[in-house]
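Visitor: Once you've had a glance at the structure underneath, I'll fire off some questions.
In UniProt numbering, the protein residues as written are 1 to 140.
Spelled out as structure tokens, the structure:
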């Protein structure tokens with residue numbers, strides 16, 4: 001069993017790999033970071049997938065979301081974040097509304113890590129991010 005420092009390092013590796021894969025629209029690398037039965041919750045899900053639920057289960061459903069995100073996110077991803085917090089089991093990071101370059105979508109990611117994979121992923125959007133979804137501005 002991994003000790004606390006190893007768990008924290010594992011979470012940091014997931015954080016960096018997830019960010020890099022998302023920036024590069026690398027769908028396969030993103031999916032590899034999730035457990036087979038992972039769950040994700042986000043207000044972006046019903047918006048992009050035109051469904052009533054904001055919850056997806058398993059990699060096949062997650063793939064649908066990641067493909068849509070890759071299609072619609074801007075070519076140059078400028079999301080500003082300062083750091084992450086982890087105890088090795090939970091990974092948390094924020095994209096604040098205010099940045100050195102102006103405003104951006106504001107949201108927070110919470111990932112529960114189990115056996116080196118993302119098991120549960122929740123995305124919380126702030127008022128600016130919600131406004132972007134509401135006005136259908138989340139696209140290239």
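In this text, a Cβ means the ideal position worked out from N, Cα and C, and glycines have one as well.
Taking all protein chains shown into account, do 16 or more other C-beta atoms lie within 10 angstroms of the C-beta of residue 11, making it buried, or fewer, making it exposed?
Guide: Taking the chain shown and counting its residues from 1, the one referred to as residue 11 is at position 11. Looking at its Cβ environment, which holds 16 or more other Cβ atoms inside 10 Å, residue 11 is buried.
Visitor: Residue 73 lies in the alpha helix (DSSP H); which residues open and close that run?
Guide: One-based indexing of the chain shown puts residue 73 at position 73. Residue 73 -> no alpha helix (DSSP H), and no H or E assigned at all.
Visitor: Run through the DSSP bridge pairs and tell me what residue 86 is partnered with.
Guide: Counted from its first residue, the chain shown places residue 86 at position 86. The partner list for residue 86 (beta bridge, DSSP) reads 91.
Visitor: Could you tell me the boundaries of the beta strand (DSSP E) in which residue 112 lies?
Guide: By one-based count along the chain shown, residue 112 stands at place 112. Start and end: 107-114.
Visitor: Ignore the nearest five residues each way along the sequence and tell me which others in residue 5's own chain have a CB closer than 6 Å to its CB.
Guide: Start at 1 with the first residue of the chain shown, and residue 5 comes out as number 5. Result list for residue 5: empty, nothing under 6 Å.
Visitor: Identify whether residue 53 lies in helix, strand or coil by the three-state DSSP scheme.
Guide: Looking up residue 53 in the chain shown gives position 53. If DSSP states are grouped into helix, strand and coil, residue 53 belongs with coil.
Visitor: Grab the span of the beta strand (DSSP E) containing residue 38 for me, first residue to last.
Guide: In the chain shown, counting from the first residue as 1, residue 38 sits at position 38. Unbroken beta strand (DSSP E) run through residue 38: 34-41.
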